[in-house]
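Novice: Chains as they are written, first to last, in the working numbering: chain A, -2 to 562; chain B, 106 to 696.
Note that CB positions come from ideal geometry on N, CA and C, so glycine has one too.
Okay, here's the thing in structure tokens:
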């Protein structure tokens, strides 16, 4: 947090404290005014108290207003800062995390925690501390011993009680989280598995399981409510008994009625900003967990190490040489063994204008190979060179400027169609956009949808096939020296896929291209086909050679011919 | 409903405790004023402490019972929601955004907490306590009471006024806020794509700009929106000053005693407090009301739709009174008579006056582009959807008159995207026949070419990840096929594009497993890929909800794969009279 943030925070705390102090002053002045007036002094003796009462009354409202404005300003700034730093931590390629999309949205929710921490916990706590201190000072000037009781009461209600609720909330959320997850799982079964359950007559049982999970959660929540109830009761008790104790002490010490009344009423009101802190404590458990998760994200090492002094970006035309590349994905958790390498000694040479296709069953390492070329994963051994320069000596962004294209799981942003396309070519003119769309066989759809149509989140308004072709159009628009295409025809129906692949092989003629596919039709046009299985190259050569030799490729080709008839 | 009655009782206790605690504040003020003015002796402090103790007890009671109320209400809503999920059935569930339903049943309902535990009690307190305070003030000091009485309504009035003028602005701002959150999430989700095109760093500045612009706009709105709290705060605090200063002056003149004065000073804020608390709670609870609305929307929407009533059937057809269970075993004949299916909220019919007969042991491939009505046809046979018009007959009996569970027990079904449950592979396979032995499960898996199961860490005892995440699409499909194989008595096989999304090798395995499964059964297969179509001896092409072609073909594919001779739909066509009867019945059955 920078210094200007600190200053803003300071003003917000000050405004909050001023509002609380005004409340305290209002009641103290009013109590003094009334009890002193009962002694029937000359009017002039009361004039200061009268003015003070009115001033405090006005000040309380105005300061509260200022506090809420400054507090929200600070909180919004802090949240923006957190989001920015989270985003920046995510820019370098990441190791795959468990949880996928859910994890991402939780991470984004977590950035709200900073806002909560400031507005609901830190600012009120700081203001309450200042107001409490002021009340204690008033007590000290009137009757020091009563100040002791007040301090004890305030610490109990403002420090120990919130600490207790925070600890209890932490303990309960540890018990409730699994119950919640269980319920979500059972409900997901009911929703996503509805057809299977109904068809196999297992729906009653699944419903009963979901309801049982709901009951288990409700039972835990019912018991958790006792924490809140106890905090509520504790606060009330401490406040009341402190006031009673202060009055008892004051009367025992023979303080006058003015002093006693001021003491009693300031004590009473001093608790007003303090009592809500117990609820803030309950919130803290969630907030600290969120902050811890964010810290972990920021602290996690990126998937690849960037060179300290990156070499200059090689100029096209590019020759890519892959030598004996081994990539092993880190085990997602400690229980699982690291497993066999995703790529196990793959070599490949891609000269300018050459097109190479990679085929093989799912899980063979095809996408991992592309990820290694894009510098998204760190090889365990072996190397990739571009014009003789090892990729590890280049800036990752430079590598991706040279070798990129259609990646796995392309994403459609909530933006216009034009902007979605243009992110791959910020400077592209309309003609270039149109050409990319035409080459990706997306023309008709774009005509129908319109260039300025907003595309939905997760590309909801975009079908799987359109999404794939939009991503392809992006890749063609970007036009990297080495074009990588990961399953460009995936999720398309047979006919469209055939046409798209045909066009694609047309468009990429004389372009350095690495094509990952599981459809063999048209591959006679590429210069080399490499068959990967379990991370190893099991066959390589031209389509015609591979078809004439027994092996995986010929099996696949025959089954494809058969399924096509 | 018993649950609801207990919820009502818990809510009653919560409200009573809240109101009682509020009223005890009056007693507390009375005692404190008496002690401070010297009218009561210090012994009254013991009574004060006792009152405080009772208030704490009431606060505890309120907290506990508010918790019970909230969990009770949420639980009841959730149970109804879950029950409704099942009643909606697969076909109508598909029309909902499934992720939202899952969230709604879980975290979504938690929004109700603020409403039930905060807002409702605050309303009760606000309704009772200010009145009680006013009554007490009137008996103590008329002048102060009048001041409070006059200023008190200013709080709701100003609150409403400011609220009304700022409502539209704040709502727009809240939408902008969620859009901003959405923007950030969007960018984070799309990071791999941005990275691939070298735009990731550029977006960092965009994020900052969007946030800055948003903060500027938000603060401009908040400056106005917080005016309401400024007004309320000022109303309350100035009223206190307004009460305190005249009291002081009257004390000076000797026209008022100190006890009354202190009592008024202590009581006056208590008149305003409940109203302000209610205002704050109101805003916090709005989210919960939205959650409840969403839940009720699901419950209501489904309630509107016609429910399955086995007893209701066309009067024109003579069938026995009791639901029929045709003798199990033996492949049935399935006949559709002028069936039209319309989904609510969708233009056009999913199926439009379709008549066809599927004979016993016939193997039918349904082909045609997606959205044409193929899946709807399967869902009709499964009883997931009912015909809007026309009827489905199984061996001559209307499906509506059949015991649906009994009918489904004769089916083996593999969905397009079968759901695997987060239990063991074995439990997933025996979903439809819970009593199946391990041998039967193994045999079913072998028949489905699911030999990969043996290689899993714990074989058939391996617990699958969430939604079968750790298996490939082909493996999941084969487990679903094993499910079908695990019902050896099933006489009808219904498959929905079992080879979509599979690579060549997996497809070959699934096709061969399906061929075994279809033997000696009536089979209806929604097919995309030629290899699957080759299994069928009859190909029905559906387009736009209508049967556009119906061709017989020899089961073994001819070398060039040309289709057999075309033939008309086998259903009894051109019987418009039946359609009218059906239409009349539908009208009659509407409640």
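Is the beta carbon of residue 544(A) closer than 8 Å to that of residue 187(B)?
Specialist: The residue you call residue 187(B) lines up with position 82 of the second chain. The residue you call residue 544(A) lines up with position 547 of the first chain. Going by C-beta atoms, residue 187(B) is not nearer than 8 Å to residue 544(A).
Novice: From the DSSP output, in three-state form, read off residue 656(B) for me.
Specialist: Stepping through the second chain from its first residue, residue 656(B) is reached at position 551. Here residue 656(B) sits in strand by DSSP.
Novice: Terminal residues of the continuous beta strand (DSSP E) containing residue 536(A)?
Specialist: Start at 1 with the first residue of the first chain, and residue 536(A) comes out as number 539. Element bounds for residue 536(A): 533 to 538.
Novice: I need the DSSP call for residue 410(A), collapsed to helix, strand or coil.
Specialist: On the first chain, position 413 is the one that residue 410(A) refers to. In the structure shown, residue 410(A) sits in coil (DSSP, three-state: anything other than H, G, I, E or B).
Novice: Report the start-end ranges of each beta strand (DSSP E) in the segment 514 to 596 of chain B that is 3 residues or longer and not cut off at the edges.
Specialist: 516 to 519
Novice: Are the C-beta of residue 646(B) and some C-beta of chain A separated by less than 8 Å?
Specialist: If you number the second chain from 1, residue 646(B) lands on position 541. Chain A, which has no Cβ nearer than 8 Å to the Cβ of residue 646(B), makes this no.
Novice: Is the segment 399 to 414 of chain A close to the segment 286 to 303 of chain B, with three or more CB pairs under 8 Å?
Specialist: yes
Novice: Between the segment 174 to 199 of chain A and chain B, which residues of the former have a C-beta closer than 8 Å to a C-beta of the latter?
Specialist: Taking a C-beta cut-off of 8 Å against chain B, the contacting residues of the segment 174 to 199 of chain A are 177, 180, 181, 182, 184, 185, 186, 187, 188, 189, 190, 191, 192, 193, 194, 195, 196, 197, 198, 199, listed in chain order.
Novice: Flag this pair as yes or no: are the beta carbons of residue 441(B) and residue 495(B) separated by less than 8 Å?
Specialist: Position 336 of the second chain, counted from the first residue, corresponds to residue 441(B). Position 390 of the second chain, counted from the first residue, corresponds to residue 495(B). The answer is yes: Cβ separation under 8 Å.
Novice: For residue 256(A), which of helix, strand or coil comes out of DSSP?
Specialist: The count along the first chain starts at 1 and reaches residue 256(A) at position 259. DSSP places residue 256(A) in helix when its eight states are reduced to three.
Novice: Can you name, in chain order, every residue of its own chain whose Cβ lies under 7 Å from the Cβ of residue 235(B), other than the five neighbours on each side?
Specialist: Along the second chain, read from residue 1 onward, the residue named residue 235(B) stands at position 130. Here the set comprises 257, 376, 379, 380.
Novice: Is it the case that the Cβ atoms of residue 518(A) and residue 495(A) are separated by a distance below 8 Å?
Specialist: For the purposes of this step, residue 518(A) is taken as the residue at position 521 of the first chain. For the purposes of this step, residue 495(A) is taken as the residue at position 498 of the first chain. Cβ distance < 8 Å, so residue 518(A) and residue 495(A) count as in contact.
Novice: Just list the residues that DSSP pairs residue 354(A) with in beta bridges.
Specialist: Here residue 354(A) refers to the residue found at position 357 of the first chain. In the DSSP output, where bridge partners are listed per residue, residue 354(A) has 512(A), 526(A).
Novice: Does the count of Cβ pairs from the segment 60 to 75 of chain A and the segment 358 to 373 of chain B closer than 8 Å reach three?
Specialist: Output reads no: the segment 358 to 373 of chain B does not touch the segment 60 to 75 of chain A.
Novice: Along the chain, which unbroken stretches of the alpha helix (DSSP H) at least 4 residues long are found entirely within the segment 377 to 458 of chain A?
Specialist: Every alpha helix (DSSP H) of 4 residues or more that sits fully in the segment 377 to 458 of chain A is shown, in chain order, as 393 to 399, 414 to 419, 427 to 436, 440 to 446.
Novice: Can you round the beta-carbon distance between residue 176(A) and residue 217(A) to whole angstroms, since I take them to be within the 8 Å contact cut?
Specialist: The count along the first chain starts at 1 and reaches residue 176(A) at position 179. The count along the first chain starts at 1 and reaches residue 217(A) at position 220. That belief holds up - the Cβ atoms of residue 176(A) and residue 217(A) are roughly 5 Å apart, short of 8 Å.
Novice: Identify which residue in 488(B), 589(B), 506(B) has its Cα closest to the Cα of residue 537(B).
Specialist: The sequence position of residue 537(B) within the second chain is 432, counting from 1. Selected option, being the one with the closest Cα: 589(B).
Novice: Looking at the C-beta of residue 168(B), does it have a partner C-beta in chain A at a distance below 8 Å?
Specialist: Translated into positions along the second chain, residue 168(B) becomes position 63. Closer than 8 Å: yes.
Novice: Sorted by chain position, which residues of the same chain lie with C-beta nearer than 6 Å to residue 363(B)'s C-beta, five sequence neighbours on each side aside?
Specialist: On the second chain, residue 363(B) is found 258 positions in, with the first residue counted as 1. So the qualifying residues of the chain are 142.
Novice: How far does the beta strand (DSSP E) with residue 100(B) in it reach, from first residue to last?
Specialist: In the structure as shown, chain B starts at 106 and stops at 696, and residue 100(B) therefore has no counterpart that could be examined.
Novice: Closest Cβ-Cβ distance between residue 207(B) and chain A: below 8 Å?
Specialist: Here residue 207(B) corresponds to residue number 102 of the second chain, with the count starting at 1. Chain A, which has a Cβ nearer than 8 Å to the Cβ of residue 207(B), makes this yes.
Novice: Answer with yes or no whether the minimum CB distance from residue 57(A) to chain B is below 8 Å.
Specialist: If you number the first chain from 1, residue 57(A) lands on position 60. Closer than 8 Å to some Cβ of chain B, the Cβ of residue 57(A) qualifies, so yes.
Novice: With DSSP as the reference, identify every bridge partner of residue 288(B), one or two as the case may be.
Specialist: Position 183 of the second chain holds residue 288(B). DSSP, once it has assigned bridges, lists no residue as partnering residue 288(B).
Novice: If you measure from the beta carbon of residue 69(A) to each beta carbon in chain B, is any gap under 8 Å?
Specialist: As a working note, residue 69(A) is residue 72 in the first chain. At least one chain B Cβ lies under 8 Å of residue 69(A).
Novice: My understanding is that residue 154(A) touches residue 270(A), with C-beta atoms under 8 Å, so please give their C-beta distance in whole angstroms.
Specialist: Position 157 of the first chain holds residue 154(A). Position 273 of the first chain holds residue 270(A). Contact doesn't hold; Cβ gap of about 11 Å is too wide.
Novice: What distance in whole Å lies between the Cβ atoms of residue 532(A) and residue 286(A), which are believed to be in contact at a cut-off of 8 Å?
Specialist: For the purposes of this step, residue 286(A) is taken as the residue at position 289 of the first chain. For the purposes of this step, residue 532(A) is taken as the residue at position 535 of the first chain. The pair is not a contact, with the Cβ atoms about 38 Å apart (cut-off 8 Å).
Novice: Counting only beta-carbon atoms, is residue 103(A) nearer than 8 Å to chain B?
Specialist: Numbered from its first residue, the first chain carries residue 103(A) at position 106. No - not a single Cβ of chain B is within 8 Å of the one on residue 103(A).
Novice: Alpha carbon to alpha carbon, how far is residue 508(A) from residue 579(B)?
Specialist: Walking along the first chain from the start, residue 508(A) turns up at place 511. Walking along the second chain from the start, residue 579(B) turns up at place 474. When rounded, the distance between both Cα atoms is 34 Å.
Novice: Measuring CB to CB, does residue 436(A) end up less than 8 Å from residue 481(A)?
Specialist: Here residue 436(A) corresponds to residue number 439 of the first chain, with the count starting at 1. Here residue 481(A) corresponds to residue number 484 of the first chain, with the count starting at 1. No. Outside cutoff.
Novice: May I have the straight-line CA-CA distance separating residue 586(B) from residue 576(B), to the nearest angstrom?
Specialist: Here residue 586(B) is taken as the residue at index 481 of the second chain, counted from 1. Here residue 576(B) is taken as the residue at index 471 of the second chain, counted from 1. Residue 586(B) and residue 576(B): Cα-Cα distance of roughly 14 Å.
Novice: Measuring only between beta-carbons, confirm whether residue 28(A) sits less than 8 Å from chain B.
Specialist: Here residue 28(A) refers to the residue found at position 31 of the first chain. Closer than 8 Å: yes.
Novice: Under 8 Å, with one C-beta from each stretch per pair, do the segment 342 to 355 of chain A and the segment 521 to 535 of chain A reach the 3-pair mark?
Specialist: yes
Novice: Would you tell me roughly how many angstroms separate the C-alpha atoms of residue 215(A) and residue 169(B), rounded to the nearest one?
Specialist: The residue labelled residue 215(A) in the question sits at position 218 within the first chain. The residue labelled residue 169(B) in the question sits at position 64 within the second chain. Roughly 13 Å separates the two Cα atoms.
Novice: Give the secondary structure of residue 639(B) by DSSP, where H, G and I count as helix, E and B as strand, and everything else as coil.
Specialist: The residue you call residue 639(B) lines up with position 534 of the second chain. Three-state DSSP puts residue 639(B) in coil, outside helix and strand.
Novice: Grouping DSSP H, G and I as helix and E and B as strand, with all else coil, what is residue 627(B)?
Specialist: Here residue 627(B) refers to the residue found at position 522 when the second chain is read from its first residue. In the structure shown, residue 627(B) sits in a strand (DSSP, three-state: E or B).
Novice: To the nearest angstrom, report how far apart residue 131(A) and residue 68(A) are at their CA atoms.
Specialist: Locating residue 131(A) in the first chain gives position 134, where the first residue counts as 1. Locating residue 68(A) in the first chain gives position 71, where the first residue counts as 1. Going from the Cα of residue 131(A) to the Cα of residue 68(A) covers about 22 Å.
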